[in-house]
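Enquirer: Count along the sequence shown from 1, add 4, and you get the number used in UniProt numbering.
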Amino acid sequence: MSTVNAPTVNAPTVDVDALVDVDEATARERDHRFVWHPWSPVRKDPGDGPILLSGTGYRVRDASGRSYLDAMASAMNSSCGYAHPDLIAAAERQLARLPHFDLSVGTHLPVGAVAERLAALLPGELGRTLFVNSGSEATEAAVRVAHGYWRNLGRPRNRIVTLAAGYHGTTLVAQHLSGLPTNATHAQAPFPVTRVEFPAEPRRLRAPESLAPLAGAFEQAVLDGEPPAAVFVEALVNVGGGVVLPAGFLRALRDLCDRSGALLVLDEVFCGFGRTGRMFGFDHDGITPDLVTMSKGLSGGYIPFAALSTTEAVYRTFADDPLIGGLRYGHTTGGHAVACAVALAVLDVIERRDLVTASAARGRQLLDGLLPLDEHPEVADVRGLGLVATVECHREEFAAVTVARARERGVLLRRQGRAVMAIPPLVIDEAGVNELVDAVGQAVAGN
Ligand code: PLP
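(1) Just the Cα atoms here: how many angstroms apart are E396 and A146?
(2) Name the residue from Y72, R97, Q98 whose alpha carbon lies nearest to the alpha carbon of Y86.
(3) Check whether the stretch 262–282 and the stretch 356–372 touch, using three or more Cβ-Cβ pairs below 8 angstroms as the test.
(4) What residue from G139, R101, Q98, P185 has the CA that sits closest to P308's CA?
(5) Would you tell me roughly how many angstroms separate the C-alpha atoms of Y153 and G246, rounded to the nearest one?
(6) Comparing alpha-carbon positions, which option in A426, V383, V415 lies nearest G390?
(7) Between E316 and E129, which are expected to be in contact by the criterion C-beta below 8 angstroms, what is the C-beta distance as a whole number of angstroms?
(8) Output the distance between the C-alpha atoms of V318 and V226, rounded to the nearest integer angstrom.
(9) Indicate, with yes or no, if ligand 1 has a heavy atom lying under 8 angstroms from the CB of Y153.
(10) What separation, rounded to the nearest whole angstrom, lies between the Cα atoms of H288 and E272?
(11) From L417 to L374, what does the alpha carbon distance come to, in whole angstroms?
(12) Please determine, among G116, E96, N451, A410, the residue with the shortest C-alpha to C-alpha distance to D74.
(13) Should H340 and N81 be called a contact, given that it needs their Cβ atoms to be closer than 9 angstroms?
(14) Do the stretch 193–201 and the stretch 154–172 touch if we need at least three Cβ pairs shorter than 8 angstroms?
(15) What is the DSSP secondary structure of C84, reduced to helix, strand or coil?
(16) Does the Cβ of K48 lie closer than 8 angstroms to at least one heavy atom of ligand 1?
(17) Provide the residue(s) that pair with I55 in DSSP beta bridges, ordered along the chain.
(18) Could you have a look at Y72 and say whether DSSP puts it in helix, strand or coil?
(19) Put E141 into one of helix, strand or coil per three-state DSSP.
(20) Note down, in chain order, each residue of its chain lying with its Cβ closer than 6 angstroms to the Cβ of S78, except the 5 sequence neighbours on either side.
(21) From A323 to D35, what does the alpha carbon distance come to, in whole angstroms?
(22) Rounded to whole angstroms, what is the Cα-Cα separation between S108 and V342?
(23) What separation, rounded to the nearest whole angstrom, lies between the Cα atoms of V18 and V24?
(24) Starting from G445, trace the alpha helix (DSSP H) both ways and give me its first and last residue.
(25) Would F222 be called buried (16 or more neighbouring beta carbons within 10 Å of its own) or exposed?
(26) Taking the alpha-carbon of L122 as reference, which of V269, L184, L102, L351 has the nearest alpha-carbon?
(27) For residue 4, which option in P160, I92, P45, L267 has the closest C-alpha, if you only look at C-alpha atoms?
(28) From the DSSP secondary-structure annotation, give me the bridge partner or partners of Q420.
(29) Residues in its own chain within less than 6 angstroms of V177 by CB, not counting five upstream and five downstream?
(30) So does T143 have its beta carbon nearer than 8 angstroms to some heavy atom of ligand 1?
(31) Among residues of its own chain, excluding the 5 on either side of G252, which ones have a beta-carbon nearer than 6 angstroms to its beta-carbon?
(32) So which of A347, N438, P381 has the shortest CA-CA distance to C84?
(33) Taking its Cβ as the centre, do 16 or more other Cβ atoms sit within 10 Å of P114, making it buried, or is it exposed?
(34) Tell me which same chain residues have a C-beta within less than 8 angstroms of the C-beta of E434, skipping the five on either side of it?
(35) Who are D271's beta bridge partners in DSSP?
(36) For the stretch 130–211, list the beta strand (DSSP E) runs that are entirely contained and at least 3 residues long, ordered along the chain.
Here it is as structure tokens:
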């Protein structure tokens, strides 16, 4: 194949900086008047949230010149940190060559390369990948594939069994999977969903004795009623409160799915690519799911990107679909060439810098540093896995105050209900973890 030299890019004629750069008050007012923030209440005033201008490594800087340690990893997706030269170069090179081309007509080079790379990373036969733009779309695709698989076999199954506290996104299909308040919707469920409640409080769930009740609850949900198309779970429950599940749980689900025929779908949107100290969350149990959804860490927050991988056997059931395209699910920018190029660079950085091992080591340091907070009367539990640490408070108000105090100290934490979560980019170093531990400790102590 001929080489893919970038064409000459002429000097730009649009000065984007001139269109974007304004003083802080104008930026705030502009945002307030014109932007709809999906997860914020509608406000009467412009608010005082940080206006982020730039980032380097695991720190971001706002319009007032303040620097923050980003222990939210942006939207929990910054894996390689900010201003990474390899990721910027990968995007620039591909943008100059070819931003994208319609994958229903032909293909481009980065999509095949990243699909092959994922096939090498994923265990077993998970070698066939569909690319979309967000975790929710990957969930949507996974449910459609699960339903389509059973329809293709001539034995339609529609029910999905999942955790009530799970979170898989907010497109209509994804929204129906979860029982969390974030997922409350006025729409009718388009298919039956069985949501399994935790049989114990989150702080007890990681203990070995929680395995039997949790696995038993799934067994009952799967075996009672119409046979499910799929069991759909996260390896670590993220939005539902940073909940670490008992070791062996995913293995029990694998066995259950093998017995019942249900497909096992692992949502690795959050856990994937080193977040929990293993490449994938399901690696902790050494299992191979039938479908895997991926997003956040895969493009490290540099560009929207998500994927659904499955086996050739599942894929082939769509071969005889008489209508155009077996799946009939795809988007204009699915498999975007720039996103694929960035993801390839992300996977390279993760491998070269051994960020999965680093996540396990820095995660251990983070958890060890935070564990003493368990003694505090406002704290219900401290738990973690890899670079996900959760300080669960008894009261939501205390969690909110803790996050606000940490921000005052220059550390951005995430709050999910009563859970205060520290989720720094995987590139955080030992000194950064010490700073993070200190800030969380001071914030909980009220300093
Ligand atoms: N699945 C999990 C586990 C997530 O944490 C999220 C987002 O936080 C999603 C799915 C949805 O992804 P997105 O927000 O990209 O649609």
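In this text, a Cβ means the ideal position worked out from N, Cα and C, and glycines have one as well.
Expert: The relevant details are as follows:
(1) 31 angstroms
(2) Y72
(3) yes
(4) G139
(5) 32 angstroms
(6) A426
(7) 6 angstroms
(8) 20 angstroms
(9) no
(10) 13 angstroms
(11) 14 angstroms
(12) A410
(13) no
(14) yes
(15) coil
(16) no
(17) Paired residues: none, contrary to the question.
(18) strand
(19) helix
(20) G305
(21) 48 angstroms
(22) 17 angstroms
(23) 12 angstroms
(24) 434–449
(25) buried
(26) L351
(27) With the chain covering 5 to 451 only, the question about residue 4 has no answer from this structure.
(28) A423
(29) E144, V147
(30) yes
(31) L215
(32) A347
(33) buried
(34) R366, Q369
(35) E238, T297
(36) 132–136, 164–167, 197–200
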